[in-house]
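Written below as structure tokens is the structure these notes are about.
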Amino acid sequence: MMTDLESNAKEYVNMVWNTLFDQSLAAADQGLNPQEEESRLGIVSISGKWNGFVNIYLPSPLAVLAAEKMFFLEPGASSQSEVQDAVGEIINMIGGNIKAILPEPNQLSTPDVIWNAATYAWPERLDLLADLSFKSTCGQTLKVQIRQKA
Amino acid sequence: MEIDYNIEINNYTIDIWNQILGLEVTPTQEDYSPTEKGVTLAGCVQIMGSWEGSIELLCPAELAKKVASIMFDTKLDETSEEDIKDALGELTNMTGGNIKSLVHEADQECFLSLPAVAVSDNQMHVPGTHEVTRSTFKHGDFLFAVRMLKKVES
């Protein structure tokens with residue numbers, strides 16, 4: 000059964016995606032596996048009364064589409080920097096919303112964007128509180144997770 | 000008085016590497032520009048609160064391995080990738096913690112995130128920030144760098 004945090008997070012991810020791209024997301028049973036599929040990772044850290052991370056995994060083609068849409072670019076015209084900015088902006092908005100329902104006071108960091116998500120090492124001693132998978136209208140899946148420092 | 004972050008980072012880095020690892024590092028004017036994928040690790044901690052930004056430690060994988068070997072008292076060829084990332088995360092955390100004490104205002108707290116570590120160059124990007132300073136250090140034949148990035152005011 001979904002926790003309040005998970006259902007709120009699901010709602011926020013949908014809201015942000017809809018706001019940014021005017022598209023809805025469907026729930027997906029299986030998310031992407033960053034070890035198997037080339038993907039980009041966006042992370043924001045929340046520190047204070049609650050400590051942990053909110054992150055998003057986007058498959059590379061979806062991250063490109065997001066940048067093209069966000070910056071009004073022609074297909075194939077996005078740079079790595081624009082894709083990084085787009086991923087950063089998406090997780091910043093999602094994290095900002097999730098931050099608001101976590102114990103206060105807390106602070107949201109600037110986003111980190113990891114180009115090759117498979118190379119990233121999560122710090123130890125984190126509890127995975129939410130692991131949400133979505134399917135975009137183009138059929139690609141994305142994953143949003145919330146991790147709390149144990 | 001204006002803080003010279005470059006000098007402060009140099010002092011902190013020399014102290015941390017010497018006191019924790021017993022390694023001598025010296026600031027250098029040489030540029031450390033990781034170009035080959037897979038040979039560099041990037042450690043990053045975020046500072047939040049009255050000052051917002053991040054601190055990055057860019058380190059060749061071979062040097063990070065040596066650091067891990069010393070930190071966890073393991074043989075160089077038996078040092079795991081996990082140990083290497085943990086060691087770099089710990090060094091980044093210590094560096095960031097010292098810098099946090101410089102930038103935080105007396106009446107407003109700053110928070111330090113957990114460290115993030117990614118493998119290879121140009122993998123980690125912090126959108127919406129600009130580089131305040133970058134210090135390069137030398138240890139033997141190795142170069143490594145510490146970057147201080149500040150959030151751009153919107």
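Heads up: the protein sequence lines correspond to chains A and B, in order. For the first sequence, numbering that gives the first Met the number 0 gives the first residue as 0, with consecutive numbering after it. For the second sequence, numbering that gives the first Met the number 0 gives the first residue as 0, with consecutive numbering after it. Note that beta-carbon positions come from the ideal geometry of N, C-alpha and C, so glycine has one too. All values derive from a computational prediction rather than experimental measurement.
Whether residue i touches residue j by CB criterion (8 Å)
i, j, result
"L142(B)", "T135(B)", "yes"
"L90(B)", "G42(B)", "yes"
"K150(B)", "T25(B)", "no"
"V143(A)", "N91(A)", "no"
"G88(B)", "V116(B)", "yes"
"I54(B)", "G95(B)", "yes"
"G41(A)", "V112(A)", "yes"
"L4(A)", "A129(A)", "yes"
"L107(A)", "I45(A)", "yes"
"S6(A)", "S38(A)", "no"
Where residue i sits in the DSSP three-state scheme
i, result
"Y31(B)", "coil"
"K74(B)", "coil"
"G88(B)", "helix"
"P59(B)", "strand"
"V43(A)", "strand"
"G178(B)", "The structure shown does not extend to residue 178(B), since chain B is modelled only from 0 through 153, so no value can be given for it."
"K48(A)", "coil"
"I46(B)", "strand"
"L64(A)", "helix"
"F141(B)", "strand"
"S132(A)", "strand"
Exposure label - residue i; buried when at least 16 CB within 10 Å
i, result
"H124(B)", "buried"
"R124(A)", "exposed"
"M1(A)", "exposed"
Separation of residue j from residue i, as counted between CA atoms
i, j, result
"A149(A)", "A99(A)", "20 Å"
"D72(B)", "S132(A)", "40 Å"
"A6(B)", "V145(B)", "It should be pointed out that residue 6(B) corresponds to Ile in this sequence rather than to Ala. If you take the alpha carbons of I6(B) and V145(B), they lie about 12 Å apart."
"L57(B)", "I15(B)", "15 Å"
"C137(A)", "N9(B)", "49 Å"
Chain C residues whose Cβ lies nearer than 9 Å to that of residue i
i, result
"G87(A)", "The structure shown has no chain C; the protein chains it does contain are A and B."
8 Å contact criterion, which residue i and residue j should meet: CB distance rounded
i, j, result
"S49(B)", "E104(B)", "5 Å"
"V38(B)", "N92(B)", "Wrong, their Cβ atoms sit about 23 Å apart, outside the cutoff."
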